[in-house]
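S.K.: Can you keep this structure in mind? I'll have questions shortly.
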Amino acid sequence: MSAQTLWKTSVVTTPEAEEAVAEMLAAQVAPGPSSYTDAESGEVTVSVYTPEAPEAPARRIASLKAGLRRLRDCGLPTGAATIRIVKLPRADWAEVWKRHFFAREIGGALLIKPGWIKRKPKRGQKLVVLDPGLSFGTGQHPTTDYCLHELVRVVRARPAVACLDMGTGSGILAIAAAKLGCAPVAAFDYDPQCVQTARANARRNRVAHRLRITRADLTRLPRRAPQAYDLVCANLLADLLIAERDRILARVKPDGVLVVAGILQIEFARVERTYASAGWQLIRSQVRREWRSGTLVRVRAPGSRC
Numbered sequence: 002m003s004a005q006t007l008w009k010t011s012v013v014t015t016p017e018a019e020e021a022v023a024e025m026l027a028a029q030v031a032p033g034p035s036s037y038t039d040a041e042s043g044e045v046t047v048s049v050y051t052p053e054a055p056e057a058p059a060r061r062i063a064s065l066k067a068g069l070r071r072l073r074d075c076g077l078p079t080g081a082a083t084i085r086i087v088k089l090p091r092a093d094w095a096e097v098w099k100r101h102f103f104a105r106e107i108g109g110a111l112l113i114k115p116g117w118i119k120r121k122p123k124r125g126q127k128l129v130v131l132d133p134g135l136s137f138g139t140g141q142h143p144t145t146d147y148c149l150h151e152l153v154r155v156v157r158a159r160p161a162v163a164c165l166d167m168g169t170g171s172g173i174l175a176i177a178a179a180k181l182g183c184a185p186v187a188a189f190d191y192d193p194q195c196v197q198t199a200r201a202n203a204r205r206n207r208v209a210h211r212l213r214i215t216r217a218d219l220t221r222l223p224r225r226a227p228q229a230y231d232l233v234c235a236n237l238l239a240d241l242l243i244a245e246r247d248r249i250l251a252r253v254k255p256d257g258v259l260v261v262a263g264i265l266q267i268e269f270a271r272v273e274r275t276y277a278s279a280g281w282q283l284i285r286s287q288v289r290r291e292w293r294s295g296t297l298v299r300v301r302a303p304g305s306r307c
C-alpha cells in the first residue's frame, strides 16, 4: 500500500468516560476508535482516524463539545475534554500500526500472535492467531491478559474444564480454551459484529467445531441456567457485573471459578462486595494501570465436603 495521509480526531478524557467518549467518536466521526492511557497523568486519549480531511473542522469540534456536555450532564467526569484535529504525516499506515502488536506467551501454554508474525510455538504450546480488529481482545489489554493467565491456571489444576466466556469480543478466550482442551466451550456477546468476528477467528484457528459462539443479552438470559461451567470469564463493565450477579453466578458450578475483569480499579471494591454478599470470595487479584481483575470461588461452610 502506498504512503497516505491520515487525519486524527482525538479527545483527552478520564478512564471513567473513556468508553462513552469512544462511542461518541465512533458515532460522530468514524468507527474503530483507539485509546491511549498516560501512565503518569492517568488521562486517556481516545482517537479515530480518517483518510479524508473534515469538511468543517469547527462544526465537528462544536458537535463533539456538545456531546461532551451531555456526558457531563449524565454524571460522567470528562476531565480536560481537550479536542484536537490534526493532520498526520504521510506514511504506510498499514505497516506502521503493526509495530504496536507482538507475539505473547501465556504461562508457557499459549502463544498468541497476529498473522503477520512468523514465530512458531514451542513444544507443548498451543497457537492462537488473532489479528487486531474492531472487536475487543488481542491479549495485550491487562484485563484480557489476566483472563488468559487464569484460564491456563485452571486448566492445569483440573482434569476437565467446561468454559463460558461472557462478552467474548474477538473470541480470544473461547478460542484459547478450546485450544487447551476445554469442553464444552461456549461464548456470547451482545454486539453482532463481535459475534461475527469471533466466529471468523474460531474458523481461522480451526476450533469452530469445538465451541459455540452466540449473540445474547446477559440481562435477558434465564435466571436459572440450563448448564453450569467450571470456569466462567466475565470481562464486563462493573455496573453489569453488579446488576446481573445472580445470572452470572447461576452459570458457575458450585466448585467452579469465576474470573471478573474489565473493571476500573476505583470500581472494583463495589464488585467484590456484591459477590461477597452472595458467598463468593476473592482469591486472586491483579492491578495493572487503571484496571483491576480478580478470581472468585464460592466460600465453603466449615466442615463441608463440597
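Just so we're on the same page, the working numbering is the position in the sequence shown counted from 1, plus 1. All C-beta atoms, glycine included, are put in the ideal place defined by N, C-alpha and C. What you are looking at is a predicted structure, and each value in this text was computed from that prediction instead of being measured.
Between which two residues does the beta strand (DSSP E) holding Thr275 run?
M.R.: Under the DSSP assignment, Thr275 falls outside any beta strand (DSSP E), being part of the alpha helix (DSSP H) whose first and last residues are 269-277.
S.K.: Taking the straight line between their C-alpha atoms, what separation do you get for Val155 and Gly170?
M.R.: 21 Å
S.K.: Enumerate in chain order the residues of its own chain whose CB-to-CB distance from Phe189 is below 6 Å, with the five nearest sequence positions on each side excluded.
M.R.: Thr215, Ala217
S.K.: Nearest CA to the CA of Thr144: which residue from Leu297, Ala57, Arg289, Arg299?
M.R.: With respect to the C-alpha of Thr144, the residue from Leu297, Ala57, Arg289, Arg299 having the closest C-alpha is Arg289.
S.K.: Got a sec, what are the start and stop residues for the alpha helix (DSSP H) Leu181 sits in?
M.R.: First-last for Leu181: undefined, no H or E at that position.
S.K.: Answer yes or no: do Val13 and Thr83 have a C-beta to C-beta separation smaller than 8 Å?
M.R.: yes
S.K.: Can you name the residues that DSSP bridges to Asn236?
M.R.: Ala262
S.K.: For Arg207, name the three-state secondary structure that DSSP assigns.
M.R.: Arg207: coil per DSSP, three-state reduction.
S.K.: Quick check: the Cα distance between Ala57 and Glu268, rounded to an integer number of angstroms?
M.R.: 39 Å
S.K.: Relative to the alpha-carbon of Arg225, which residue among Val261, His210, Arg246, Arg207 has its alpha-carbon at the smallest distance?
M.R.: Arg246
S.K.: Report yes or no: do the segment 66-85 and the segment 15-28 share at least 3 C-beta pairs separated by less than 8 Å?
M.R.: yes
S.K.: Provide the residue span of the beta strand (DSSP E) that contains Val298, from first to last.
M.R.: 292-299
S.K.: Look at Gln152 and Leu265 and say whether their C-beta atoms are less than 8 Å apart.
M.R.: Residue identity check: residue 152 is Leu in the sequence provided, not Gln. No, they are not a contact pair.
S.K.: Tell me whether Val288 sits in a helix, a strand or coil according to DSSP, three-state version.
M.R.: strand
S.K.: Tell me which same chain residues have a C-beta within less than 6 Å of the C-beta of Lys9, skipping the five on either side of it?
M.R.: Ser48, Tyr50, Val87, Leu89
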